[in-house]
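Student:
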Amino acid sequence: MFIHEWERLVITGIYHVNVNCTDIERSRAFYELLGFRVVAEFEEKDNPSLNKGLGIPASHTQALFLKAGRGRDATLIDLVQWRRPVSPPKGEVEKDIAALGVPRIALKAENLLRLYEDLKAKGVEFVSEPQQLAFPEFGTEPLFCVCLDPDGLLIELVEV
């Protein structure tokens with residue numbers, strides 16, 4: 003059987019999810035509340051290969067790689083504050099769940115009811131209390147709720 007070269011090319015997983023923010027320290031504190039830990043901290047100023055790869059003429063960023071979980075189930079977030087170009091202010095319309103792009107990140111959680119109470123007590127804004135979600139076709143009823151990160155990104159917390 004003949005295999006085309008393109009058939010061997012596969013995506014093996016998500017390397018990281020990029021989350022832009024307006025205040026990296028404020029966002030860092032939020033994601034650390036969720037259990038993420040900083041695994042790398044860096045600043046990029048007019049890196050020619052980065053600028054070329056992103057298709058922008060000039061850049062200056064402060065960034066953190068934050069990781070939650072271990073092994074194959076670990077999640078990596080690239081938290082970035084853009085100094086140049088500056089991120090535009092986030093509008094209310096962008097909080098819309100149907101917005102194009104990545105309006106929501108769903109994170110696996112344990113002890114969701116306790117996590118919800120703890121985060122709420124620390125001032126995290128929630129759009130819903132924990133809800134049981136019936137998925138009869140999958141034979142599962144995960145518990146989930148949604149909160150906002152400091153810049154309004156919807157963060158879904160799911161206990162399966």
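Numbering follows the numbering used here, in which position 149 of the sequence shown is assigned residue number 151; successive positions increment by one, without gaps. Here a beta-carbon is modelled for each residue, glycine too, at the ideal position from N, C-alpha and C.
Less than 6 Å between C-beta atoms, sequence neighbours within five positions excluded: which residues of the same chain meet that for R85?
Tutor: Counting only Cβ-Cβ distances below 6 Å, and skipping sequence neighbours, we find H62.
Student: Checking 8 Å against the spacing of the C-beta atoms, do F32 and D120 come in under that value?
Tutor: Cβ distance not < 8 Å, so F32 and D120 don't count as in contact.
Student: Per DSSP, which residues does I157 bridge with? Please list them.
Tutor: DSSP, once it has assigned bridges, lists I107 and C149 as partnering I157.
Student: Give the straight-line distance between the Cα atoms of G103 and F140, rounded to the nearest whole angstrom.
Tutor: Taking the straight line joining both Cα atoms gives about 27 Å.
Student: Ordered along the chain, which non-local residues of its own chain (more than five positions away) have a Cβ less than 7 Å from that of R39?
Tutor: Excluding residues within five positions, the ones whose Cβ falls inside 7 Å are L68 and K69.
Student: One question on the structure: do I107 and L145 come within less than 8 Å of each other, judged by their Cβ atoms?
Tutor: No; because the gap between Cβ atoms is not below 8 Å, this pair is not in contact.
Student: Would you decide whether L81 is buried or exposed? Buried here means 16 or more other CB atoms lie within 10 Å of its CB.
Tutor: Buried, because 16 or more other Cβ atoms sit within 10 Å of the Cβ of L81.
Student: Just tell me which of D25, L115, P105 and K110 has its CA closest to the CA of V162.
Tutor: If we check each option's Cα against that of V162, K110 comes out closest.
Student: Where in the segment 66-90 do unbroken runs of the beta strand (DSSP E), each at least 3 residues long, occur, reported from the N-terminal end onward?
Tutor: The segment 66-90 contains these whole beta strand (DSSP E) runs: 77-86.
Student: Let me make sure I understand the geometry here. Which of A60, V41 and F137 has the alpha-carbon closest to that of N49?
Tutor: Considering only alpha carbons, the answer is A60.
Student: Assuming contact is defined by CB atoms lying nearer than 8 Å, are L115 and P90 in contact in what I supplied?
Tutor: Contact: no.
Student: Consult DSSP for N49 and reduce its assignment to one of helix, strand or coil.
Tutor: If DSSP states are grouped into helix, strand and coil, N49 belongs with coil.
Student: Quick check: the Cα distance between D75 and N53, rounded to an integer number of angstroms?
Tutor: The straight-line gap from Cα to Cα measures roughly 31 Å.
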